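Residue numbers for the sequence shown follow the numbering used here, so the first one is 39 and each next one is one higher. One structure below.
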Amino acid sequence: MSIRTGTLNGVATIEIARPEKKNALTIAMYQAMADALDAAREDAAVRAVLITGQPGIFSSGNDIEDFMSRPPGQGAHMAESPVYRFMQALLACDKPVVAAVTGAAVGIGTTLLLHCDLVYVADDARLAMPFVSLGLVPEFASSLLVPQLMGHRRAAEKLLLGEPFTAEQAVECGIANAVLPAAEVLPHARRVAERFNALPPGAVRESKRLMRAPQRAEVEATLRTEGALFAARLRSPEAMEAFQAFFQKRRPDFSKF
Ligand code: COA
39 MSIRTGTLNG VATIEIARPE KKNALTIAMY QAMADALDAA REDAAVRAVL
89 ITGQPGIFSS GNDIEDFMSR PPGQGAHMAE SPVYRFMQAL LACDKPVVAA
139 VTGAAVGIGT TLLLHCDLVY VADDARLAMP FVSLGLVPEF ASSLLVPQLM
189 GHRRAAEKLL LGEPFTAEQA VECGIANAVL PAAEVLPHAR RVAERFNALP
239 PGAVRESKRL MRAPQRAEVE ATLRTEGALF AARLRSPEAM EAFQAFFQKR
289 RPDFSKF
């Protein structure tokens, strides 16, 4: 099982557990995470959600094998894709979502953090959104939210050049709340999530909705625009070269395009 879920002390935990593939996310894992988010939303005993990975690896992003062999559907079929269902479930979660990040967070491993409410990163965390380097375009509304958070110039380093960034930089540019020693990230995030047990849940939910509401329509529209381009780019010769290069453990050659 590569997604472990469980509820303890009012906190529903979603743990990404596929360390042999650096927590790369498969279709089945998106489905499991979407189901867990929907269940947490419905369960009155759940006051907050905690998303975490494994020691030393949060997630290496979408499984590149799946990108090649089972890309998300295009056009009308986009909404049925498990990844799209996961994105919608995270957007729809009106309970606080806390993330604990150690090690690498790549692609959707970083962009999902844009939709969490409280994010704690280990001093060993390294974040990256290398969509362009893979022949793709940004997803999960990152083309909207990253420039908004940090300005176009710093967003261009991360989204166009695909430059990785450190835990300190993640805090500085507003993606994360605080940097902690790696061993303390998960216990700290759990303690923060448990603080919602002492708060009035209705007020928390209404407040989260209010905080997200002004951007909600724009985020949804961006998801759709990005999703259509992303699905088309997954089938592009540029992306094929990038994916093959990854598995052949060589640098991609884009000189022919
Ligand atoms: N999809 C599929 N397999 C992946 C993967 C991914 N996103 N990320 C890692 N793996 C696999 C590797 O192919 C390797 O498999 P193997 O043991 O069968 O050869 C295994 O996981 C270990 O990965 P490796 O690259 O050797 O680990 P590392 O510690 O040197 O580097 C990362 C870790 C996360 C920096 C690196 O794996 C990486 O860059 N992954 C791809 C990230 C990416 O581009 N994701 C898509 C974003 S849109």
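Yeah, the Cβ is synthetic: ideal placement off N, Cα and C, and Gly gets one too. Because the structure is a prediction, the values reported are computed rather than measured.
Hey, quick one: how far does the alpha helix (DSSP H) through residue 147 stretch, first residue to last? Translated into positions along the sequence shown, residue 147 becomes position 109. Residues 146-149.
Do residue 163 and residue 130 count as a contact pair if the criterion is CB distance below 8 Å? Mapped onto the sequence shown, residue 130 falls at position 92. Mapped onto the sequence shown, residue 163 falls at position 125. No; because the gap between Cβ atoms is not below 8 Å, this pair is not in contact.
Which runs of the beta strand (DSSP E) fall wholly inside the stretch 133-186 and span at least 3 residues, in chain order? You should have 135-139, 142-144, 156-160, 164-166.
CB residue 40 to CB residue 71, shorter than 8 Å? In the sequence shown, the residue the question calls residue 40 occupies position 2. In the sequence shown, the residue the question calls residue 71 occupies position 33. Going by beta carbons, residue 40 and residue 71 fall outside the 8 Å limit.
To the nearest whole angstrom, what separates the beta carbons of residue 183 and residue 136, a pair I think is in contact under 8 Å? Here residue 183 is taken as the residue at index 145 of the sequence shown, counted from 1. Here residue 136 is taken as the residue at index 98 of the sequence shown, counted from 1. Separation of the CB atoms of residue 183 and residue 136 is rounded to 18 Å, and the pair is thereby denied contact status at 8 Å.
Do the stretch 193-205 and the stretch 165-177 make contact, defined as three or more Cβ pairs closer than 8 Å? Yes, the stretch 193-205 touches the stretch 165-177.
What are the boundary residues of the alpha helix (DSSP H) that residue 97 is part of? In the sequence shown, residue 97 corresponds to position 59, counting from 1. From DSSP, residue 97 is part of no alpha helix (DSSP H) but of the beta strand (DSSP E) over 95-97.
Burial state of residue 42 (16 or more Cβ within 10 Å): The sequence position of residue 42 within the sequence shown is 4, counting from 1. Exposed, by the Cβ-count rule.
Relative to the C-alpha of residue 233, which residue among 187, 134, 218 is closest? Numbered from 1 along the sequence shown, position 195 holds the residue referred to as residue 233. Closest by alpha carbon: 134.
Going by DSSP in three states, residue 113 sits in which element: helix, strand or coil? Residue numbering aside, residue 113 sits at position 75 when the sequence shown is read from its first letter. Helix, per DSSP.
Return the Cβ separation of residue 139 and residue 159 in integer angstroms, given the expectation that the two are a contact with Cβ distance under 8 Å. For this step, residue 139 is matched to residue 101 along the sequence shown. For this step, residue 159 is matched to residue 121 along the sequence shown. Right, the Cβ-Cβ distance comes to about 5 Å (below 8 Å), so this counts as a contact.
CB of residue 101 to nearest heavy atom of ligand 1: below 7 Å? Along the sequence shown, one-based indexing puts residue 101 at 63. Between ligand 1 and residue 101, a heavy atom-to-CB distance of less than 7 Å is present.
Mind checking which residues open and close the beta strand (DSSP E) that includes residue 48? Taking the sequence shown and counting its residues from 1, one reaches residue 48 at position 10. From DSSP, residue 48 is part of no beta strand (DSSP E); its letter is neither H nor E.
Going by Cα to Cα distance, which pick from 150, 101, 252, 102 is closest to residue 124? Sequence index remark: in the sequence shown, residue 124 carries index 86 (1-based). Looking at the Cα atoms, 150 is the closest of the given residues.
Could you check whether residue 119 and residue 110 sit closer than 8 Å to each other, using their CB atoms as the reference points? Residue numbering aside, residue 110 sits at position 72 when the sequence shown is read from its first letter. Residue numbering aside, residue 119 sits at position 81 when the sequence shown is read from its first letter. It is a contact, given that the beta carbons lie within the stated cut-off.
Run the proximity test for residue 277: is its beta-carbon closer than 7 Å to any non-hydrogen atom belonging to ligand 1? Position 239 of the sequence shown, counted from the first residue, corresponds to residue 277. Result no, Cβ not under 7 Å from ligand 1.
Assign residue 285 to one of three DSSP states: helix, strand, or coil. What you label residue 285 is simply residue 247 of the sequence shown in a count that begins at 1. DSSP, reduced to helix, strand and coil, places residue 285 within a helical segment of the structure shown.
With residue 179 and residue 121 assumed to form a contact (beta carbons below 8 Å), what rounded beta-carbon distance in angstroms separates them? Your numbering for residue 179 matches position 141 in the sequence shown. Your numbering for residue 121 matches position 83 in the sequence shown. Taking 8 Å as the upper bound for CB-CB distance, residue 179 and residue 121 are not in contact here, some 13 Å apart.
Distance between residue 250 and residue 112 (C-alpha atoms, nearest Å): On the sequence shown, position 74 is the one that residue 112 refers to. On the sequence shown, position 212 is the one that residue 250 refers to. Approximately 27 Å between the Cα atoms of the pair.
Segments of 4+ residues assigned as alpha helix (DSSP H) that fall wholly inside the stretch 234-292: The stretch 234-292 contains these whole alpha helix (DSSP H) runs: 239-272, 275-285.
State buried or exposed for residue 282, treating a residue as buried only when at least 16 other CB atoms are found within 10 Å of its CB. In the sequence shown, counting from the first residue as 1, residue 282 sits at position 244. Exposed, since its Cβ has fewer than 16 Cβ neighbours within 10 Å.
Judging by CA-CA distance, which residue of 227, 95, 277, 261 is the nearest neighbour of residue 55? Position 17 of the sequence shown, counted from the start, is the residue given in the question as residue 55. Comparing alpha-carbon positions, the option among 227, 95, 277, 261 lying closest to residue 55 turns out to be 95.
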